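Residue numbers for the sequence shown follow the numbering used here, so the first one is 710 and each next one is one higher.
Since the structure comes first, as structure tokens, the remarks are kept for the end.
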Amino acid sequence: MHTEINIFEKPIERIRKTCELMGLGADFDRKLPELETHLEGLVAEGETSEERLTVSGLTFVKQGR
710 MHTEINIFEK PIERIRKTCE LMGLGADFDR KLPELETHLE GLVAEGETSE ERLTVSGLTF
770 VKQGR
């Protein structure tokens with residue numbers, strides 16, 4: 710049995726919902742590919758906290774405004 714754990718699933722969903730609440734839904738959609746790459750880099754460096762990934766991802770999306 711193969712089970713895949715996607716550490717990005719919850720942070721990306723939280724970032725999406727927060728961006729929608731802040732009126733940044735279009736920014737989120739536009740930056741999603743770059744956001745995924747950003748989060749992958751953090752995980753490659755050893756980050757595993759969903760909360761830290763979420764905060765870093767929100768900061769990343771907001772920077773490009």
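Ideal Cβ positions, reconstructed from N, Cα and C, are used throughout, including at glycine.
Keep in mind it's a predicted model, so treat the numbers as computed, not measured.
query, result
"Buried or exposed (CB count within 10 angstroms, at least 16 for buried), P742", "exposed"
"Cα-Cα separation between G755 and I716, rounded to whole angstroms", "12 Å"
"Sequence-distant residues of the same chain with beta carbon closer than 8 Å to L744, five excluded per side", "I721, I724, F737, G766, F769, V770"
"Nonlocal neighbours in the same chain, by C-beta distance under 8 Å from L762, ignoring five residues either side", "I716, F717, P720, L748, L751, V752, E756"
"G686 - containing alpha helix (DSSP H), residue span", "Residue 686 is absent from the model: the chain starts at 710 and stops at 774."
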